[in-house]
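Below you'll find the structure, written out as structure tokens, and then a few comments.
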Amino acid sequence: MTVLVLLDHADGAVSQASRSAVAAAGRLGEVHGLVAGDGVAAVAEAAARIQGLSRVLVADAEAFAHSLPEPLAALLQSLSGAYDHVLAPATATGKNVLPRLAALLDVQPVSEVVAIEGPDTFVRPIYAGSALATVRSGDAKKLLTIRAAAFDPAPAEGGTATVEAATLPADLPAPARFVSAELSRSERPDLSSARVVVSGGRGMGSGENFSLLAPIADSLGAAIGASRAAVDAGYVPNDYQVGQTGKIVAPELYLAVGISGAIQHLAGMKDSKIIVAVNKDAEAPIFAVADYGLVGDLFTVLPELQAELNKTA
Amino acid sequence: MKLLVPVKRVIDYNVKPRVKADNSGVETAGVKMSMNPFDEIAVEEAVRLKEKGVATEIVVVSVGAAQAADTLRTAMAMGADRAILVQAEEAPEPLAVAKILRALVEREQPRLVLMGKQAIDDDMNATGQMLAGLLGWGQGTFASKIEAGGDALSVTREVDGGLETISLVLPAIVTVDLRLNEPRYASLPNIMKARKKPLETIAAAGLGVDVAPRLQTLRVVEPPERKAGIRVGSVAELVNKLRDEARVI
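Read top to bottom, the protein sequences are chains A and B.
Here the first sequence stands for residues 1 to 313, numbered as in UniProt numbering.
Here the second sequence stands for residues 1 to 249, numbered as in UniProt numbering.
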């Protein structure tokens, strides 16, 4: 069996989530990757070094510049004939394009797969992770998005895949046009793949107060995240959101500050290895999942924590 | 411009779902049900587009059991003009729902389909994209801002790195995210008025759509429970634990 994995990429690099999808695909058979974009020769070269890929297909054309789902789904449809499984990471791009492709192929996709039990049997969370469903697909072709936090990424180096140009479909639909992007720029690690995440909630009280988290995140080499409440309140941009409908993270250490712990937030972080909660409300539900809980005022705790970390560093 | 807004009846956002003892699914009997919160945002946006004079008519549709009529009445109390209930025995999968919606789009000829980006029960996040694929229309998913202008629609989308704005040729599908708007509460007079608005019921079979499931659910289980750990008394103790016990810093 051969598996095709859509490799999404940003700033010239294949995303870590895509390497998790490659690792998941390795459980199913031989793995080919697809790099689509405009001027992506270097990305394809990098993709060829990912362990576990035997072949990298490259679709280099202006139509693929912004990963618009309409031309990308048409491309995947034209390539899909040779594959039993088509996978994409459950990223904004993967979630956007894979169901569209599924409709074109008359397949019911399986979203956010967290375990692969066989070639047609997959586990996925439902109800914001309140339950895990094991489903068997009766479709001839299986289309999956892969939850990155559930699979260790395939190593970025050491592979020796061949690189070849994909045959592009003659007709690429273009009902949508890219206008602009407003992307957060940060020197910190990517939230989805960071080893440590420091998140703030509504308890932070304001956007300015999020700056209290910055030195702690710097000491720990952490990404900064937020609860939905903090994003809705306008304290931080949407891409900080951790939860059912935001980013799903599973770092070694998750530090939740001023976050009450709604089920929708827990859905995004409860697979973290160690969870620390700081909250002044001793009854906050976040303490029910925290390995270490500290009841206290975050405006006192955070400066102390920063001082303590500086001491040990 | 005519709008079609699909809505789904799901277990209420505030209810903790319980897995059935036989592991066949999640218990829905006797549980409070509500409109999927993302769909509520879609209905609200449709009503705002009508208030701005962009939309002329809002048709809401739900696919599911007879009780989904309640969800449609709620949508009409918010401001939708009429409703279609496509009655189906079991909750059809996104592919089947997309095919049913395609049949309704062909009948109703809307210029825009506005819908939630995902339902909070199956968390599939697929139906909108699939409907767009079936129709060959453009799609603007995860929308946090929509601006109508002539034959195009500007959609700002929540993506992994921040925000992205695209321009969609109409007709199109837009799936909405949390921060697009805050849905209104229906007033009592509007709830009364909604009772008189037209609600048409049709059988899924009557649309000539194959709704046979493609996925077989083998079992549904509770996730491994995470045990609460310990309370620490001070920041110094916390840092010591993280360093010496958990070894994560």
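Even for Gly, the Cβ is constructed at its ideal location relative to N, Cα and C.
No experiment lies behind these values; they were computed from the predicted model shown.
{"Item": "CB-CB length for A:Ile-263 against B:Lys-16, believed under 8 Å", "Value": "7 Å"}
{"Item": "Residue environment, B:Gln-118, which counts as buried when at least 16 other CB atoms sit within 10 Å", "Value": "buried"}
{"Item": "Straight-line Cα distance separating B:Tyr-13 from A:Gly-159", "Value": "45 Å"}
{"Item": "Complete alpha helix (DSSP H) runs within the region 18 to 54 of chain A (minimum length 4 residues, chain order)", "Value": "41 to 47"}
{"Item": "Near-chain A residues of the region 137 to 149 of chain B - C-beta to any C-beta below 8 Å", "Value": "Trp-137, Gly-138, Gln-139, Gly-140, Thr-141, Phe-142, Ser-144"}
{"Item": "Unbroken beta strand (DSSP E) run spanning B:Thr-71, endpoints", "Value": "No beta strand (DSSP E) contains B:Thr-71, which is instead part of the alpha helix (DSSP H) from 68 to 78."}
{"Item": "B:Phe-38 - containing alpha helix (DSSP H), residue span", "Value": "37 to 51"}
{"Item": "Sequence-distant residues of its chain with Cβ nearer than 8 Å to A:Tyr-83 (five each side left out)", "Value": "Thr-2, Val-3, Leu-4, His-32, Lys-141"}
{"Item": "Residue-level contact to chain A via CB, B:Asn-181, 8 Å cutoff", "Value": "no"}
{"Item": "Minimum C-alpha distance to B:Val-209 - residue among B:Val-54, B:Ala-98, B:Met-33", "Value": "B:Ala-98"}
{"Item": "Through-space distance from B:Asn-240 to B:Phe-142, alpha-carbon basis", "Value": "42 Å"}
{"Item": "Residue span of the beta strand (DSSP E) that contains B:Met-115, given as start and end", "Value": "112 to 116"}
{"Item": "Neighbour flag for A:Ala-65 against chain B, beta carbons, 8 Å", "Value": "no"}
{"Item": "CA-to-CA distance, A:Arg-147 to A:Ser-80, given in whole angstroms", "Value": "21 Å"}
{"Item": "Residue range of the beta strand (DSSP E) that includes B:Ile-84", "Value": "82 to 87"}
{"Item": "Among A:Ala-25, A:Val-58, A:Pro-71, A:Asn-238, the one whose alpha carbon lies nearest that of B:Trp-137", "Value": "A:Pro-71"}
{"Item": "8 Å Cβ cutoff, B:Ser-34 in contact with chain A", "Value": "no"}
{"Item": "Below-8 Å beta-carbon distance, B:Asn-125 vs any chain A residue", "Value": "yes"}
{"Item": "Partner residues on chain A for B:Lys-193, Cβ-Cβ distance less than 9 Å", "Value": "Going along chain A, no residue has its Cβ under 9 Å from B:Lys-193, so there is no contact; the nearest lies around 31 Å."}
{"Item": "Closer than 7 Å at the beta carbon, the chain C residues around B:Ala-236", "Value": "The structure shown has no chain C; the protein chains it does contain are A and B."}
{"Item": "Whole-angstrom distance between A:Leu-144 and A:His-85, CA atom to CA atom", "Value": "8 Å"}
{"Item": "Under the three-state DSSP convention, the category B:Met-33 falls into", "Value": "strand"}
{"Item": "Within chain B, the residues that A:Gln-16 reaches when beta carbons sit closer than 8 Å", "Value": "The contacting residues do not exist; A:Gln-16 stays about 11 Å from chain B at best."}
{"Item": "Neighbour list for A:Arg-100 in chain B, Cβ cutoff strictly below 8 Å", "Value": "Gln-129, Met-130, Ala-132, Gly-133, Gln-139"}
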